[in-house]
Structures are given as C-alpha cells and as structure tokens.
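First comes the structure, then the notes that go with it.
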Amino acid sequence: MKPQPPQAHSHGYDEGHEHDHLHAPRRPLPDMSHIQGWGADLDRKNRPAVPMERTPPRLDVQPLPLKQQPPSVEVLVSPEHLDGLTPVFGTTAPPKGLSGWLRRQAYKMTENDVRHFLMLVLADRVDMVEGLGEDLARGHVPNVLAEMGIKAEWQHNKAGLVRKAAVTAAAGAALYWLLRRRGRD
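The numbering of the sequence shown is UniProt numbering, which starts it at 1 and goes up by one.
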C-alpha cells in the first residue's frame, strides 16, 4: 500500500483509501437495517424487475405477427408513417363534419409542424360544438354546467371559478359592445 498524503482535515471517511482514483471517495451509507424490508431488492436474483431467464426457454414458440385489422371507417395516418396503418387501431370516433375536415387537413401536415397539433385541438373544440348540436337536434338539452364540473369547481376552487366567470363576462360584454358598435356604423 502506498503511503498516504497528509490530510488537511480529518473526518474519517477516506481512511484506508488510496487517493489515486478518479472519483472522490463517498461517505459510507448509514445503517438502515432497522427499517423493515430495507434492502430486500439489493440482491439481483430477488429483484422482480430483473428478468429471470430460463435456459433453454420453456416454450420455443415465436410470436405470430398480428393480423391486419380491416379498416371499416376512415383512419387518418400521419405522413411520417409510410408503412400505413398499424395492425390494430381505434375506430370509435371516425372523422365527420367540420371537425373531420379539420382533422384531414391536419394529417396532411407533418407532426413536427405546430399547425398539425393546433388544428387537432381546434378540431376537438369544433367536435364538442357539433356534439352539442347533435344533442339539441335529437331533443336532448345537455346540462352544460354539470358537464363542465361547476359544482366541483365551486366546492374546491371558488376563486378560480369566480375568475373564470369574470373573464367570460368581460369577454361577452366586449363582444356585445363590438357588435353593437358595428351595427351603428
């Protein structure tokens, strides 16, 4: 063992260490054995996240490729995905109406274009309004305030609800004032 250089301070953490290594010596970890279950996963063979491979494997079966789901509705695909549709995809809300047109236009652009995502957000908002129109056409008047969670907002965030109401009222008043002013001209 090499002779140790003189220490400028004495804290006991680096006693018995050689000081020609690249990393600074670490403090010893405090004893945590008094905590029930501490260190249960320190042994790699007991870690659930470490794969326990069997050699040879129990089953020598290759996974079968997924069959392509037949498209029954229009499915929009980004231009980045040249291979087309994934084997399985969702068909719960096919594009329709103005929101569908907006989605089709958005999917003509690449995903690295911010307009792609802004148009998709706009399409979601338009789809919400279209849904309200469909509800009204069927004779169902939706309870918009309940669907927006006004009761929960009042219970848990009164200041935020008052602020939202004030902003909405101010925007409505400004719109009314602009429309009245335009009507006079």
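Just so it is clear, CB atoms sit at the ideal spot from N, CA and C, and this is done for glycine as well.
- Taking the CA atoms as reference points, P95 sits about 13 Å from G131.
- Assignment of Q68 by DSSP, reduced to helix, strand and coil, places it in the coil class.
- S99: member of the alpha helix (DSSP H) spanning 97-106, first to last residue.
- Around the Cβ of A146, a 10 Å sphere holds fewer than 16 other Cβ atoms; the residue is exposed.
- A residue is called buried when at least 16 other Cβ atoms come within 10 angstroms of its Cβ; L102 meets this threshold and is buried.
- With a contact defined as Cβ atoms closer than 8 Å, V77 and Y107 qualify at about 7 Å.
- Cβ neighbours of Q68 within its own chain (closer than 8 Å, five residues either side excluded): L85, P87.
- By the CB criterion at 8 Å, M128 and Q105 fall outside the cutoff.
- Within the same chain, Cβ atoms closer than 7 Å to the Cβ of L66 are found at P87, V88, the five residues on either side in sequence being excluded.
- Distance between E134 and A93, taken at the CA atoms: about 14 Å.
- Look at G183 here: in three-state DSSP terms it is helix.
- In the same chain as E80, and ignoring 5 residues on each side of it, the C-beta atoms closer than 8 Å to its own belong to T110, E111, in chain order.
- With fewer than 16 other beta carbons inside 10 angstroms of its own, A173 counts as exposed.
- Shown here, R27 sits in coil according to DSSP, grouped into three states, outside any helix or strand.
- The alpha carbon of V121 has as its nearest neighbour, out of L136, G100, A137, D83, the alpha carbon of G100.
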